[in-house]
DNA sequence: CTCCTCGACTCAGAAACGTTATG
DNA sequence: CCATAACGTTTCTGAGTCGAGGA
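In the UniProt record's numbering, the protein residues as written are 1 to 701.
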């Protein structure tokens, strides 16, 4: 599986003190460590801790009363990320959405500097329709500054909502008569419904997916169910099906599309923007807001991530009769397609979605919701960062508490203490329980014994825990982390008498863990730690990496480095670009060539110097400049090279979009005179409009 | 009270698509 | 100047988190 094969250990680069090297073959626990003494005679329930086993028993767990002994704390965390140090902060009351419930209409006023840059940027492209330009500018000027209005209610999400309903994908277009499906070598005309399903498979033929047995089986059994009786009688084996002609047909079609003339492409583009204009927006509390996904998902074959047991299943076409519409009572109710009706029309203003349906693979609801630039999303986002900032105030006491739990007499508390420590230190996700109908991935609470290896000593470090598991989206998490001795002892205790497939933390669940966290601080849950640690890391790294005399380019490089540190912490990965090796090579070749011509220039320079000094002075200057330019270019290339290498499997976007308080970035931009559009593109600026508008250079997370 | 399911929302990387750099 | 490759942006939809509410 490609995802799991990714070069791992990426995580070690930034994580405070990870090591290198080391083998997988190590025994889990050195024998001589076995009776290393955490098990005092009086300790209750220490043995036989095999409660939550992988299969299902996680349901029935004992609940012991809290009897956490008040034991002395271990020494203060030198190991926790340095990011934690509390910076001098200026929490400006008026910037907190949470403190705003009362003065609804107080209308904070802020400078409105940011959109000016945008206009300047746009003016560069004057070749496009002047009309469009005007339109955009008009839109900009009446952008809704909801953040100046004070916080709105938590439960009621809107007071009026009007929209056109979802856009339905086009109907299936049957194949032309000369394109045929073959069974057992014989051409066969299929019923339209069956044929459509075949095209889904045929289109994917050169994808790795179709070679997987699970995929094939799921596909074939779902396909059979949709066949007519006659077809079912004939088609018995997938291996006798020949989709190649159909496959070829679609390849050619997409080729044609690529080779369309500019005019044809323009027509298509206009069509799309017309669609967007009609379906892409809604009216929420009197403001025109962009919708995130106004197009219903077309039918196709389900492609899960990783080793998904349901891959290849048929994702059915959504009918209007499957769709629930949510809008306000007095609004213009969207019209269903002719001859159809909605499943239901409701007017629930405690939710944010405009339409929903049940997806047939898992039977779970899916929604049409607003774009991140909308008030509904933006306000929530802002609130998220404010919660993370509140955690900043509380984090010291929480850390003290979980350290205390490491020596508790209760297994439950010890496990909770270690789990929160992992979540805090390593930015692990909570790790809810999952059913067997999805890929086998884990988070903190669902870690199993087989996912960690304990090394008493590794690469010159003590008490190293080696993590190796598949997380969300089946992305591999691989990291070797030195931990406190007490954590190490506890882990040894947790895995005692357990099988590899047993839960490491068998006495806790995400629900219980979050309940504890919520008692420490209202609104605190496991995922807040990710936001908190990500944002803190960014701020610290920016402070560390940005220095006075830097050029804008260098500053941006620093920003990207800081961003990368966060991405590594959060384990945000991507597949190495397909062309990576090749383009890397190209870059190197270029560098080499550059270097050579550099030499050539030098030689030329000196020889000329010998001959006619006066006349060549200008030439010399020129040449020197060329040399200088070339060596600068070379330096740039080398820089680019390392940057790219470092970035090979790191995805910066996810953290930038979801974990980094945009106000940190905006403040940094202002402080260092970096135009904000150098770090946020248009979409990102739209999403973070609130932060760009309200933040001054003194903002501290 | 706890467990368990469901619903709604955030977060995730791949792929498609568009733009810019390069040769 | 054009063709192509590289790169950045947008779309797509799957995969998590977490709270609510009923048994």
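Here a beta-carbon is modelled for each residue, glycine too, at the ideal position from N, C-alpha and C. Source: prediction; values computed, not measured.
The beta-carbon separation of residue 567 and residue 541, rounded to 11 Å, does not stay under the 8 Å limit for a contact.
Look at residue 245 here: in three-state DSSP terms it is helix. If the five residues before and after residue 671 are omitted, its C-beta is found closer than 7 Å to the C-beta atoms of 697, all from its own chain and listed in chain order. In the structure shown, residue 683 adopts helical secondary structure according to DSSP, grouped into three states. In the same chain as residue 664, and ignoring 5 residues on each side of it, the C-beta atoms closer than 8 Å to its own belong to 535, 538, 539, 542, 699 and 701, in chain order. For residue 645, the closest alpha carbon among the candidates 676, 564, 695 and 688 is that of 564. Here the C-alpha atom of residue 464 lies approximately 51 Å from the C-alpha atom of residue 317.
When the beta-carbon positions are compared, residue 223 and residue 251 stay at least 9 Å from each other. Note on residue 273: under 16 other CB atoms within 10 angstroms of its CB, so exposed under the neighbour-count rule. Contact annotation, residue 690 with residue 357: C-beta distance approximately 31 Å; criterion of less than 8 Å not satisfied.
Here the alpha carbons of residue 322 and residue 256 stand approximately 35 Å from one another. Contact between the region 348 to 357 and the region 161 to 168 is present: three or more C-beta pairs spanning the two stretches fall below 8 Å. Ranking 305, 156 and 162 by CA distance to the CA of residue 437 puts 305 first. Spanning the alpha carbons of residue 243 and residue 450 requires a straight line of approximately 42 Å. Counting only residues of its own chain and dropping the five nearest sequence neighbours on each side, residue 485 has a CB closer than 6 Å to the CB of 463. Under DSSP, residue 488 takes part in no beta bridge, so it has no partner.
Rounded to whole angstroms, residue 530 and residue 570 show a C-alpha spacing of 7 Å. Residue 517 and residue 509 do not touch by the CB rule: their CB atoms are close to 13 Å apart, not below 8 Å. Cα atoms of residue 265 and residue 253: separation of roughly 15 Å, rounded to the nearest angstrom.
For residue 329, the secondary structure class from DSSP, reduced to helix, strand or coil, is coil. For residue 482, the beta-bridge partners assigned by DSSP are 464. Here DSSP, grouped into helix, strand and coil, assigns residue 406 to coil. In chain order, 172 place their CB closer than 6 Å to the CB of residue 196, counting only its own chain and leaving out the 5 sequence neighbours on each side. With fewer than three CB-CB distances shorter than 8 Å, the region 401 to 417 does not count as touching the region 425 to 439. Under the three-state reduction of DSSP, residue 416 is assigned to helix. Judged by beta-carbon spacing, residue 289 lies within the 9 Å limit of residue 371, meaning their Cβ atoms are closer than that value.
Contact check for residue 528 and residue 421: beta-carbon distance about 15 Å, past the 8 Å limit, so the pair fails to qualify. Counting along the chain, the unbroken alpha helix (DSSP H) around residue 667 starts and ends at 662 to 671.
Under the DSSP assignment, residue 367 falls in the beta strand (DSSP E) whose first and last residues are 365 to 368.
Within the same chain, and ignoring the five residues on either side of residue 315 in sequence, the residues whose Cβ sits closer than 8 Å to its Cβ are 297, 299, 300, 301, 302, 359, 360 and 361. Under the three-pair Cβ rule at 8 Å, the region 467 to 484 does not count as touching the region 334 to 341. Residue 419 counts as buried, since no fewer than 16 other beta carbons sit within 10 angstroms of its beta carbon. Beta-carbon to beta-carbon, residue 458 and residue 504 are separated by about 19 Å, too far to satisfy the 8 Å threshold. Residue burial annotation: residue 410 is buried, with at least 16 other C-beta atoms found within 10 angstroms of its C-beta. It is roughly 20 Å from the alpha-carbon of residue 280 to the alpha-carbon of residue 347. Non-local C-beta neighbours of residue 674 in its own chain, meaning closer than 8 Å and more than five positions away in sequence, comprise 552, 555, 556, 559 and 668, ordered along the chain.
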